[in-house]
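Taking it in order: structure first as structure tokens, then the write-up.
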Amino acid sequence: MHLEQRTGPVPGLVYATVRQGMTTRTFPIEVRRTASGHYISRMPDNRWSIECLTIEAALLMHAAVLFPVEHELSPWLSNPKPAPRPAERLTAEAGMSEPKTKSPS
């Protein structure tokens with residue numbers, strides 16, 4: 001993912017043109033500067049992002065949520081070991097085995 005162009009003032013509404021592969025999209029993104037000198041962007045769910053060192057990083061963080069994700073291009077998204085089901089987790093934490101069920105007689 002690459003930031004092709006950005007226009008607009010910081011703090012304020014910035015228009016970011018982002019390219020991923022053969023797709024280019026332009027997003028309006030609100031960006032602010034924090035007291036520590038870092039930058040945050042308003043995410044699509046209206047929460048603020050974590051602090052980023054650069055304006056570009058804050059813009060790309062917002063854009064990464066909006067672009068479709070290809071799992072083969074993002075191997076960190078695959079989960080080789082899924083989380084245990086709640087009953088398995090509780091018994092594992094207690095150090096017990098799964099409760100045995102009685103068969104009907």
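Position 93 of the sequence shown, counting from 1, maps to 93 under the numbering used here, and the rest follow consecutively. Don't be surprised by glycine CBs; every beta carbon is placed ideally from N, CA and C. Owing to the predicted nature of the structure, the values given are computational and were not obtained by experimental measurement.
DSSP-derived helix/strand/coil call for residue i
i: residue 57; result: helix
i: residue 2; result: strand
i: residue 31; result: strand
i: residue 14; result: strand
Residue i and residue j closer than 8 Å at C-beta
i: residue 192; j: residue 36; result: Within the shown structure, residues of the chain are numbered from 1 to 105, placing residue 192 beyond reach of any answer.
i: residue 31; j: residue 50; result: no
Rounded straight-line distance, which links the Cα of residue j to that of residue i
i: residue 21; j: residue 1; result: 7 Å
i: residue 29; j: residue 16; result: 7 Å
Residues that residue i bridges to, as DSSP identifies them
i: residue 50; result: Answer is none; residue 50 lacks a bridge partner.
i: residue 41; result: 31
Neighbourhood of residue i by C-beta, 8 Å cutoff - its chain only, sequence neighbours within 5 removed
i: residue 18; result: 1, 2, 3, 4, 24, 25, 26, 27, 59, 60, 63, 67
i: residue 53; result: 38, 39
Spatial neighbours of residue i in its chain, beta-carbon cut-off 7 Å, leaving aside the 5 residues before and after
i: residue 33; result: 10, 11, 39
i: residue 65; result: 43, 44
i: residue 48; result: 40, 42
Close-in-space but distant-in-sequence residues of the same chain around residue i (CB under 6 Å, 5 per side omitted)
i: residue 14; result: 6, 8, 29, 31
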